[in-house]
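Chains as they are written, first to last, in this note's numbering: chain A, 7 to 211; chain B, 61 to 518.
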């Protein structure tokens with residue numbers, strides 16, 4: 007495998023500097039999460055603060071759906087997508103962390119906040135793989151079908167194998183070493199193949 | 061060996077079996093409820109387990125609640141026998157909920173030394189009327205079929221203060237050795253209406269000097285009856301005094317329950333340090349605006365700054381943790397008269413994260429509170445249960461005997477701390493209904509009665 011190291015983080019930096027404005031999607035996501043947090047915040051001191059788990063589920067689900075959308079879309083700059091998804095998961099993380107800590111969910115936050123980022127990258131990788139497969143068989147119209155099939159396969163595996171690691175609204179609240187390893191591996195492969203794309207792989211930069 | 065008649069062999073076999081059954085060792089563990097093995101649902105009962113030569117034996121009482129269609133986890137009472145040989149008696153206060161089946165066993169070295177059970181037919185929530193008499197039949201006849209009367213010996217009376225919660229009346233007739241004064245006084249303070257003969261010097265020191273034969277003590281009463289015990293005069297007086305307040309109604313227990321409910325309602329709700337929703341909204345708005353502005357900064361500096369701000373916010377988020385997950389608020393009720401009272405400690409407990417909770421002492425769930433079907437384990441003098449996340453329970457401890465301090469006696473009739481009308485509405489209404497007065501000092505509600513008034517006025 008030939009890896010072009012010059013196209014790695016240096017290229018990513020170039021992409022980010024070229025697109026240094028916040029997308030409307032990211033701001034909208036922040037506002038939606040902030041709204042959910044305010045609405046689910048307890049109105050009285052004697053009520054339990056359950057904003058954290060709600061926010062964790064919504065944040066992870068939204069990020070994963072966004073990652074799938076960006077992966078399926080025939081957008082040429084994969085590195086931009088990856089950087090943008092990472093940025094989105096980082097700037098939304100304080101909301102989830104604050105809500106969880108405020109509801110005595112500190113130990114959950116240590117798992118769910120980073121796991122949502124890893125899951126987002128993994129979801130982007132799955133969508134990119136489906137798109138790449140569709141392109142390889144020269145039927146780009148099948149991108150959505152193939153990605154849906156891959157996602158469905160993961161859901162079935164998730165349900166069959168035990169602790170959930172893929173369903174974002176459950177996995178972020180269910181710490182599991184198996185899930186961490188599986189999803190972490192998928193995310194790592196996604197980053198490697200996106201930043202250090204093998205020459206002649208057919209993946210569009 | 062051959063028998064001349066076929067049935068003679070059978071007779072020998074039966075005789076052998078009979079002698080074997082007589083030769084069986086005496087049971088090494090027996091358990092009963094202190095008053096003729098009768099228990100009262102919805103009250104504290106004294107459960108007595110007697111074990112012989114089994115130091116450290118394990119005692120367990122299982123209370124199956126729920127129904128056949130909706131079985132729930134049983135409530136369990138566990139205790140250990142002291143590490144000593146000989147006959148050991150363990151007395152445990154048990155709050156009996158509405159149950160479906162009750163069973164007990166005592167195990168020692170993996171062997172069951174004794175076991176037993178009660179069927180649902182024995183479930184009864186009427187307080188007991190207790191007769192101490194050499195001729196109980198005479199009393200039963202005089203009292204009629206109503207009520208739930210039991211005749212016991214003096215040594216069967218409860219020795220735990222909480223054990224008297226199951227009793228509404230105690231009538232002392234003719235007995236060779238009358239119960240000790242302190243036992244009768246304890247019963248009265250606990251809420252029992254105690255009737256004793258006036259000519260036998262029982263509780264003479266407490267008898268009013270003005271010739272009155274009635275004294276309110278704690279939550280109950282003491283009454284001295286004229287005439288020879290077991291005489292018709294004595295019987296007639298006792299039955300007349302019992303009147304409509306025979307144990308079948310047990311309105312005294314209802315009054316105490318109403319006071320507990322009203323106090324629970326008046327207690328401040330346990331909660332956590334709280335950031336208001338508005339404060340959170342403004343904070344979030346500030347964060348979103350800051351991140352949005354930073355992302356609009358040209359070049360990489362904007363992204364890097366936004367990420368740094370996010371990481372800093374994550375780092376400080378643990379500061380939002382609002383103290384301990386479990387929060388408790390406590391209050392006490394004392395039903396008092398004549399300087400003595402029956403104290404019940406109330407506790408509100410809320411757990412954000414949920415999980416196992418262990419409290420020192422014996423507590424029961426308030427019958428009208430949240431999670432009142434929560435399975436409870438009373439183990440070695442502690443109360444244990446598991447709360448769901450965000451779960452809240454209202455608990456009541458086993459009652460205790462207490463003295464009324466001078467400061468409280470002086471405060472009766474004085475204007476006290478003004479009560480928040482909304483919270484204490486139930487208490488104020490009860491005070492009028494019961495024709496009693498109460499004093500609030502520190503975290504205790506002292507409910508006081510005159511020494512001579514004939515019970516709570518319903």
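From the three backbone atoms N, C-alpha and C, an ideal C-beta is built for every residue, glycine too. Computed from a predicted structure; not experimentally measured.
Could you check if residue i is buried or exposed, using at least 16 other CB atoms within 10 Å of its CB as the buried criterion?
| i | result |
| --- | --- |
| residue 87 of chain A | buried |
| residue 135 of chain A | buried |
| residue 84 of chain B | In this prediction, residue 84 of chain B has a pLDDT of 45, which is less than 50 and means its spatial position is unreliable; what the coordinates show is noted afterwards. Label assigned to residue 84 of chain B: exposed. |
| residue 188 of chain B | buried |
| residue 155 of chain A | exposed |
| residue 459 of chain B | buried |
| residue 183 of chain A | exposed |
| residue 300 of chain B | exposed |
| residue 143 of chain A | exposed |
| residue 403 of chain B | buried |
| residue 432 of chain B | exposed |
| residue 451 of chain B | buried |
| residue 465 of chain B | exposed |
| residue 342 of chain B | exposed |
| residue 147 of chain A | exposed |
| residue 336 of chain B | exposed |
List the residues of chain B that residue i touches, going by C-beta distances under 9 Å, in chain order.
| i | result |
| --- | --- |
| residue 56 of chain A | 449, 450 |
| residue 65 of chain A | Correct list: empty, because the minimum Cβ distance to chain B is about 13 Å. |
| residue 127 of chain A | Within 9 Å Cβ-Cβ: nothing; residue 127 of chain A doesn't reach chain B, min ~16 Å. |
To which residues of the same chain is residue i closer than 8 Å at the C-beta, ignoring the five residues directly before and after it?
| i | result |
| --- | --- |
| residue 180 of chain B | 159, 160, 161 |
| residue 117 of chain B | 89, 111, 140, 141, 166, 167, 168, 173 |
| residue 40 of chain A | 101 |
Apart from the five residues on each side of it in sequence, which residues of its chain come closer than 6 Å, Cβ to Cβ, to residue i?
| i | result |
| --- | --- |
| residue 309 of chain B | Only weak support exists for where residue 309 of chain B lies, its pLDDT of 31 falling under 50; the coordinates are left without a value. |
| residue 164 of chain B | 91, 121, 176 |
| residue 194 of chain A | none |
| residue 416 of chain B | 446 |
| residue 153 of chain A | 78, 133, 136 |
| residue 64 of chain A | 42 |
| residue 67 of chain A | 174, 175 |
| residue 87 of chain B | 174 |
| residue 180 of chain A | 169, 170 |
Please compile the residues from chain B whose C-beta is within a distance smaller than 8 Å of the C-beta of residue i.
| i | result |
| --- | --- |
| residue 104 of chain A | 373, 377, 380 |
| residue 119 of chain A | 374 |
Find the residues of chain B that neighbour residue i, judging by a C-beta separation of less than 7 Å, and give them in chain order.
| i | result |
| --- | --- |
| residue 47 of chain A | 337, 340 |
| residue 99 of chain A | 370, 374 |
| residue 107 of chain A | 377, 378, 380, 381 |
Given that residue i touches chain A, what residues does it touch there, using C-beta distances under 7 Å?
| i | result |
| --- | --- |
| residue 413 of chain B | 110 |
| residue 325 of chain B | What residue 325 of chain B touches in chain A: nothing, since even the nearest Cβ is about 14 Å away. |
| residue 351 of chain B | 36, 97 |
| residue 329 of chain B | 52 |
| residue 103 of chain B | Within 7 Å Cβ-Cβ: nothing; residue 103 of chain B doesn't reach chain A, min ~30 Å. |
Run down chain A in chain order and give the residues with a C-beta less than 8 Å from the C-beta of residue i.
| i | result |
| --- | --- |
| residue 348 of chain B | 33, 36, 37, 40 |
| residue 334 of chain B | 48, 50, 51 |
| residue 409 of chain B | Ordered by position in chain A, no residue passes the 8 Å Cβ test against residue 409 of chain B, which lies about 12 Å from the chain. |
| residue 344 of chain B | 40, 43, 44, 101 |
| residue 367 of chain B | 93, 96, 97 |
Identify the contact partners of residue i in chain A, using a Cβ-Cβ distance below 9 Å as the criterion.
| i | result |
| --- | --- |
| residue 429 of chain B | Simply none; closest approach about 14 Å. |
| residue 237 of chain B | Near residue 237 of chain B there are no residues of chain A at all, since even the closest Cβ is about 54 Å away, more than 9 Å. |
| residue 385 of chain B | 110 |
By Cβ distance below 7 Å, which residues in the same chain neighbour residue i in space, the five residues on each side in sequence not counted?
| i | result |
| --- | --- |
| residue 60 of chain A | 42, 46 |
| residue 519 of chain B | This structure cannot speak to residue 519 of chain B, because chain B is shown only from 61 to 518. |
| residue 81 of chain B | Note that residue 81 of chain B scores a pLDDT of 43, beneath 50, so its modelled location is shaky; the value from the coordinates is reported in the next line. Once the five neighbours on either side are set aside, residue 81 of chain B has no close Cβ partner at all. |
| residue 468 of chain B | 499, 501, 506 |
Just to check my reading of the structure: residue i and residue j have Cβ atoms closer than 8 Å, yes? What is that Cβ distance to the nearest angstrom?
| i | j | result |
| --- | --- | --- |
| residue 23 of chain B | residue 104 of chain B | Outside the shown range of chain B, which is 61 to 518, sits residue 23 of chain B, and nothing can be said about it. |
| residue 355 of chain B | residue 104 of chain A | Incorrect: roughly 20 Å between the Cβ atoms, too far for contact. |
| residue 251 of chain B | residue 106 of chain B | The Cβ separation is near 14 Å, so there is no contact. |
| residue 130 of chain A | residue 76 of chain A | 6 Å |
| residue 91 of chain A | residue 72 of chain A | 7 Å |
| residue 423 of chain B | residue 455 of chain B | 4 Å |
| residue 106 of chain A | residue 115 of chain A | 4 Å |
| residue 212 of chain B | residue 95 of chain B | 6 Å |
Just checking residue i against the ligand GDP - is the residue's beta carbon closer than 7 Å to any of the ligand's heavy atoms?
| i | result |
| --- | --- |
| residue 239 of chain B | Questions concerning the ligand GDP fall outside what the structure shown contains, since it holds no ligand whatsoever. |
Which ranges would you report for the alpha helix (DSSP H) in the segment 433-478 of chain B if only whole runs of at least 4 residues count? As far as the segment 433-478 of chain B is concerned, its whole alpha helix (DSSP H) runs of at least 4 residues are 466-471.
- request: Let me know the alpha helix (DSSP H) ranges lying completely inside the segment 162-195 of chain A, each 4 residues or longer, listed in chain order.
  value: Whole alpha helix (DSSP H) segments, 4+ residues: 174-177.
Q. Which whole runs of the beta strand (DSSP E) in the segment 173-197 of chain B are 3 residues long or more, in chain order?
A. Runs found: 188-192.
Quick one: complete beta strand (DSSP E) runs, 3+ long, within the segment 274-333 of chain B? As far as the segment 274-333 of chain B is concerned, its whole beta strand (DSSP E) runs of at least 3 residues are 274-277, 280-285.
Runs of alpha helix (DSSP H) wholly within the segment 81-145 of chain A (minimum 4 residues, chain order): Within the segment 81-145 of chain A, the complete alpha helix (DSSP H) runs of at least 4 residues are 84-108, 112-142.
What ranges does the beta strand (DSSP E) occupy inside the segment 377-443 of chain B, keeping only unbroken runs of at least 3 residues that lie completely in it?
Within the segment 377-443 of chain B, the beta strand (DSSP E) runs of at least 3 residues that lie entirely inside it are, in chain order, 386-397, 400-411, 415-420, 423-425, 437-439.
- Query: Which residue spans inside the segment 218-260 of chain B form an unbroken alpha helix (DSSP H) run of at least 4?
  - Reply: Scanning the segment 218-260 of chain B for uninterrupted alpha helix (DSSP H) segments of 4 residues or longer gives 241-250, listed from N- to C-terminal end.
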